[in-house]
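Asks: Let me begin by handing over the structure; questions about it come next.
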Amino acid sequence: MVDSNVIAVRDLHTRFGSTVVHDGVSFAVRHGEVFALVGASGCGKSTLLREMIVLQAPVSGSIRVFGQEVTGLDDNEALALRRRWGVMFERGALFSALTVTENVATVLEEHTALSAVLRTQLAAVKIALTGLPPDAGPKYPNELSGGMRKRAALARALALDPELLFLDEPTAGLDPLSASGIDELVRHLRDALGLTIMMVTHDLDLLWRTADRVAVLGDGHILGVGTMPELAKSEHPLVREYFYGPRGRGAREQAWKQK
Amino acid sequence: MLPSAFAQPVSADILRGEAPSQLRCQGAWITRMLAPLEERIESLIATVGEDVRIDASALTAFDTSGAWLLHRTVLALRARGRTVRVEGLRPEFEELLRLVASRAPPAGAGQAPAPSLLTRVGLAAWEGLRQALGLLSFLGEAATVLSRSIREPRRIRWRAILYNMQTAGFEALPITGLLTFLLGVVIAYQGAEQLRRVGANIYIADLVGLSMVRELAPLITAIIVAGRSGSAYAAQIGTMKVTEEIDALRTIGIAPFDLLVLPKVVALAVVLPLLTVYTDMMGILGGMIMARAQLQVSFATFVNRLDQAVSLTSYLVGIGKAPVFAVTIALVGCYQGFCVTGSAESVGRRTTVSVVQSIFLVILSDALFSIAFSWLQLW
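Going down the list, the sequences are from chains U and A.
Numbered by my numbering, the letters in the first sequence go through residues -6 to 252 in order.
Numbered by my numbering, the letters in the second sequence go through residues 12 to 390 in order.
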């Protein structure tokens, strides 16, 4: 039987020394959905993301991406998978010595045999897709604002037209206007390119507006998985605290008004 | 449920159709499959008829890169005055093509023409001039800050000065000592053969003493310190600039120049002459040991002769150069550190430049000293 889930995490355990980060985490991300992982700071969201993209190994458990087990892969073995997904890091992680266009084109140069002209054009298409103006291409990352840098990082993540996109805190550090721009961008890209998106965030507005399903991580476990309205009805105290804190209420009301 | 969802497509292709002006796209037009298509499209465009129809019904997969290539092909055909129709595209692929077409980069985007040789020479010369002027104004700023610090001694950062004296001076003792000792050995060894031939064994003291004290010890010490400390200054200040620590210092009311530059300049100006005194001794010691081994000149005879050979002027001329070298090294290192902009690569480049520039300037000023001393007839 072929697994239809793009990502399947089963009974994952992670420990740093004596600190237990994940104590039996299981969930699955379906094809074509925007899936969000939320939880308080330090609950192990980013660690889980790093384990999914093979930058870090869990103590035990299984993570399958595109039906293939990724735990314990070395860089060589992970390469084929890495070409099929894109990652956007929290602080962008753009190569500071390269222009935005070069940042995107480098990925194409590394993994395809396309001509330099086509690579540059493709980089420009991807930069335009993320909503950056054309004159952002020749700029260096330190000449861009925070929001533009995130978009440039997204353009680089999209360089190889991945089937799966990992976003680490896509709106962190952005003003509300830029953040809502990112909201729309995420949805738009999913609809236009048929991507599966796995994001880690604690931006409640982003969750209400873009996430199809959400998993709440806390105490080392998944406390609940479902759509935002489903989770909002959850009885679990930590989930309630998360969604019914003062900021959670504001975001929920906002979402209701828009509907 | 969907085995094909993760299946890897195998190829992409474009063929001439049944009719002379028909093109058929097939397979997966996705990023990693496109490389062979580029040339084929070029040749097809050149030979295809007037009224082109592109049949895309056999496309199995399509992404933004594939969409761009198709769009580019259509544009290229239109530019040749052909009429083009794309047919049979699946609705979702059609959507994607429209999206990419609407975001198409303007022609020639991102392809700045490579500058000509003359432009590059001009730019490099201008950059060199700018650097020289920048260094000069940096020197001026350092002098202003120094004079202000002397008027207001409480602004002087004694701790930072002492710390820099330790790292740039005391911790450099082993390496500078070892290298000048070996240098003394080498000079005595090379000189011994020549002197023995003319029976002038005792002049080994003149050879080693003068060359060490006047030239080699100050120069070698300065070069080692430039490599050790000058680079460290550039890297430290450069990294602080990237992480905005320099701006943070300014906002809490600490002048970066007071804390980062002046202590380094002062510490090095004190420490480099002292290091030179020490390396003078180590170099002569190396020569002395070699003289006894090769030329049977005893330590007592050597020291006796040294006293006559090396005048106090010669000794002071050597040591007097050291503070100038020190200020050069410290200023170049700090200046290059402040020149860092944004990127990690820039830190590396500026560090390299700082070492090359400070060694260059040290040797250049040494040459100028030689000319000046010969005019002044300081022997």
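Quick reminder that beta carbons are idealized off the backbone N, C-alpha and C, glycines included.
Can you say whether V132 of chain A is buried or exposed, counting buried as having 16 or more other CB atoms within 10 angstroms of its CB?
Replies: Looking at its Cβ environment, which holds fewer than 16 other Cβ atoms inside 10 Å, V132 of chain A is exposed.
Asks: Closer than 6 angstroms by C-beta to L146 of chain A: which residues in its own chain qualify, once you throw out the five before and the five after it? Chain order, please.
Replies: Only Y346 meet the Cβ criterion.
Asks: Rounding to the nearest angstrom, what Cα-Cα distance links N135 of chain U and R144 of chain U in this structure?
Replies: When rounded, the distance between both Cα atoms is 14 angstroms.
Asks: Thinking C-beta only, is S369 of chain A closer than 8 angstroms to I330 of chain A?
Replies: No, they are not a contact pair.
Asks: What does DSSP give as the partner residue(s) for E62 of chain U in the beta ladder?
Replies: Answer by DSSP bridge pairing, in chain order: U:R57.
Asks: At the 8 angstroms Cβ level, is A23 of chain A part of the contact set with chain U, yes or no?
Replies: For A23 of chain A, the answer is no, since every Cβ of chain U falls outside 8 angstroms of its Cβ.
Asks: Would the beta-carbon of A278 of chain A fall within 8 angstroms of that of M176 of chain A?
Replies: Contact flag set, yes.
Asks: For L158 of chain U, report the span of its beta strand (DSSP E) as first-last.
Replies: Its beta strand (DSSP E) spans residues 157 to 161.
Asks: The beta strand (DSSP E) with D66 of chain A in it runs from where to where?
Replies: Taken as a continuous stretch (DSSP letters only), the beta strand (DSSP E) holding D66 of chain A covers 62 to 73.
Asks: For L134 of chain A, would you say it is in contact with chain U, using Cβ-to-Cβ distances shorter than 8 angstroms as the test?
Replies: Taking Cβ atoms only, chain U never reaches closer than 8 angstroms to L134 of chain A, which makes this a no.
Asks: So G219 of chain U is in the beta strand (DSSP E); what residue range does that whole segment cover?
Replies: 214 to 219 is the extent of the beta strand (DSSP E) around G219 of chain U.
Asks: I need the DSSP call for D196 of chain U, collapsed to helix, strand or coil.
Replies: Coil.
Asks: What does S138 of chain U touch in chain A if you count any residue whose Cβ is under 9 angstroms from its own?
Replies: Neighbours of S138 of chain U on chain A: none; closest Cβ ~14 angstroms, over 9 angstroms.
Asks: Can you tell me whether H82 of chain A is buried or exposed? The criterion is at least 16 other CB atoms within 10 Å of its CB, across all chains shown.
Replies: Buried: at least 16 other Cβ atoms inside 10 Å.
Asks: Measure the Cβ-Cβ separation of E83 of chain U and D161 of chain U and say whether it is below 8 angstroms.
Replies: Contact: yes.
Asks: Just to confirm the assignment, what range does the alpha helix (DSSP H) spanning I120 of chain U have?
Replies: Start and end: 109 to 122.
Asks: Does chain A have any CB closer than 8 angstroms to the CB of Q114 of chain U?
Replies: It does: the Cβ of Q114 of chain U has a partner Cβ on chain A nearer than 8 angstroms.
Asks: Is V338 of chain A closer than 8 angstroms to V276 of chain A when the C-beta atoms are compared?
Replies: Yes, Cβ-Cβ distance for V276 of chain A and V338 of chain A is below 8 angstroms.
Asks: Whose CA, out of U:L41, U:V(-1), U:W78, U:A90, lies closest to the CA of G353 of chain A?
Replies: It is U:A90 whose Cα lies nearest to the Cα of G353 of chain A.
Asks: For L125 of chain U, return the contacting residues in chain A, with the cut-off set at a CB-CB distance below 8 angstroms.
Replies: Per Cβ cutoff of 8 angstroms: no residues; L125 of chain U is ~10 angstroms from chain A at best.
Asks: Our contact map puts A117 of chain U next to P127 of chain U with C-beta atoms below 8 angstroms; I'd like the distance itself, whole angstroms only.
Replies: Contact holds; Cβ gap of about 7 angstroms.
Asks: At which residues does the beta strand (DSSP E) containing M292 of chain A begin and terminate?
Replies: No beta strand (DSSP E) contains M292 of chain A, which is instead part of the alpha helix (DSSP H) from 273 to 306.
Asks: In whole angstroms, what is the alpha-carbon distance linking I161 of chain A and R168 of chain A?
Replies: Rounded to whole angstroms, I161 of chain A to R168 of chain A spans 12 angstroms at the Cα level.
Asks: What residues from chain U crowd round L107 of chain A, counting only those whose CB sits closer than 8 angstroms?
Replies: Correct list: A185, L186.
Asks: At which residues does the beta strand (DSSP E) containing I0 of chain U begin and terminate?
Replies: Where I0 of chain U is concerned, the enclosing beta strand (DSSP E) stretches over -2 to 9.
Asks: Do A199 of chain A and A302 of chain A come within 8 angstroms of each other at the CB atom, strictly closer than that value?
Replies: Result yes, Cβ atoms of A302 of chain A and A199 of chain A sit closer than 8 angstroms.
Asks: Among residues of its own chain, excluding the 5 on either side of A30 of chain A, which ones have a beta-carbon nearer than 7 angstroms to its beta-carbon?
Replies: So the list is empty, once near-sequence residues are dropped.
Asks: State buried or exposed for A120 of chain A, treating a residue as buried only when at least 16 other CB atoms are found within 10 Å of its CB.
Replies: At A120 of chain A the pLDDT is 48, less than 50, meaning the model places this residue with poor confidence; the figure from the coordinates comes in the next sentence. Buried.
Asks: Below 8 angstroms on the Cβ atoms is my contact criterion, and I expect A146 of chain U with A98 of chain U to pass it. Report the Cβ-Cβ distance as a whole number of Å.
Replies: Actually they are not in contact, since the Cβ atoms of A146 of chain U and A98 of chain U sit about 15 angstroms apart, beyond 8 angstroms.
Asks: Under 8 angstroms between the Cβ atoms of G298 of chain A and I215 of chain A?
Replies: Cβ distance < 8 angstroms, so G298 of chain A and I215 of chain A count as in contact.
Asks: Between A:Q388, A:L184, A:S365, which lies nearest to A143 of chain A when the distance is taken from Cα to Cα?
Replies: Taking only the C-alpha atoms, the option nearest A143 of chain A is A:S365.
Asks: Would the region 72 to 82 of chain U count as touching the region 148 to 168 of chain U if we require 3 or more Cβ pairs under 8 angstroms?
Replies: The answer is yes - the region 148 to 168 of chain U touches the region 72 to 82 of chain U, with three or more Cβ pairs under 8 angstroms.
Asks: At which residues does the alpha helix (DSSP H) containing E204 of chain A begin and terminate?
Replies: Unbroken alpha helix (DSSP H) run through E204 of chain A: 184 to 208.
Asks: Identify the residues that DSSP records as bridge partners of M191 of chain U: which are they?
Replies: DSSP output for M191 of chain U lists U:F28, U:F159 as bridge partner(s).
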